[in-house]
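Numbering (our numbering) for the sequence shown: 2 to 271.
Ideal Cβ placement from N, Cα and C applies to all residues, glycine included.
Down below is the structure, laid out as structure tokens.
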Amino acid sequence: MARLVIGNWKMNGTPALLRAFAAAALREPPRCEAALCVPHPLLAAARTAFGTTALRWGAQDCSAELDGAFTGEVSARLLADLDTRYVILGHPERRLGHGETDGQIAAKAQRALAVGLTPVVCIGETAEERDGEQTSAVLRRQLLQLARLLGRRLAAVVLAYAPPWAASRHGCGDCVAPGLLEDTFAAIAELLAFHAGLSAASVRVIYGGSVDARNAGALLSLPGIGGVLVGAASLRPADFIEICKAAARCGDPPVRAASLWPVIATSARE
Ligand code: PGA
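Here it is as structure tokens:
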């Protein structure tokens, strides 16, 4: 399975920018798995623009409900009808800005999987939690609800370690030290092996936070990193293509060892 590069346009972008990305991807086809997660009103235009390219498209949220009286919510099924492949869930801007809980995010992931979308579930601690040495406890809490609700279907989820303090909008730059990232990815692998059993080896874990064309190569060659979630740099076609090239150069991510504990044992241990 190739490395994954997921762009997160957030509340940015236009149909013209989609067409610029399509042209760039036709000139230099990404040789990794690459997608742009765009605002909902741009999904139909993304399908038109990217249909003949190697780029895929995704959304940035969906409802946990199938349909009904939920004003302002967006149905996962409608996203799937637009051939949307990915949906970002539990991004820190939604966890912190909209008070989304681990339970709600897990329910959204369950719904997304049921309609054939690949959830990209964001996890990560705040700066205060990091400074209070709470990182492992926070990651465990965030993963547990997901593992419990999804069981073996967790294998189809992409986990994005995207701590809010690492985002470029905080002027973070290169503030995530590679050593720290390696330790955190090792901790996530351990948590997955313990709580997700045999599904753990299949879960792709990617990193998000100030990824750009300059640092992508180094980040993608760290052990255990299956790809990157890219915010600001995903609005610039040339930068995004450079990041895809770095991902292609790194080849396939190594397969993690799976725990021999079946998923069913998870609840017994809690
Ligand atoms: P950034 O955003 O790459 O601009 O830091 C990442 C994200 O928040 O998705």
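By the beta-carbon neighbour count (other beta carbons within 10 angstroms, threshold 16), E34 is buried. Taking 8 Å as the cut-off, the Cβ atoms of A202 and V158 do not count as close. For T185, the number of other beta carbons within 10 angstroms of its own is at least 16, and it is reported as buried. Assignment of V159 by DSSP, reduced to helix, strand and coil, places it in the strand class.
Taken from the Cβ of V6, every heavy atom of the ligand PGA lies 7 Å or farther away.
Three or more Cβ pairs drawn from the stretch 72-89 and the stretch 32-49 lie within less than 8 Å of each other, which places the two stretches in contact. Boundaries of the beta strand (DSSP E) harbouring V206: R205 to G209, taken from the DSSP string. Using a Cβ-Cβ distance cut-off of 8 Å, the stretch 75-84 and the stretch 121-130 are not in contact, since fewer than three pairs of beta carbons, one from each stretch, lie closer than that value.
Look at E34 here: in three-state DSSP terms it is strand. Where A110 is concerned, the enclosing alpha helix (DSSP H) starts and stops at D103 to A115.
Around the C-beta of F241, 16 or more other C-beta atoms lie within 10 Å, and the residue is accordingly described as buried.
Beta-bridge partners assigned by DSSP to A47: none are found.
Going by DSSP, T119 is part of no alpha helix (DSSP H) but of the beta strand (DSSP E) stretching over T119 to I124. DSSP, reduced to helix, strand and coil, places G133 outside both helices and strands of the structure shown, so it counts as coil. Relative to the Cα of D103, the nearest Cα in the group V206, G117, R142 and M2 belongs to R142. Taking a contact as a CB-CB distance under 8 Å, the pair Q61 and N9 counts as one, their CB atoms being some 7 Å apart.
With a beta-carbon spacing of about 4 Å, G227 and R205 fall inside the 8 Å limit used to define contacts. Assigned with DSSP and collapsed to three states, V212 falls in coil, not helix or strand.
Where R57 is concerned, the enclosing beta strand (DSSP E) starts and stops at L56 to A60.
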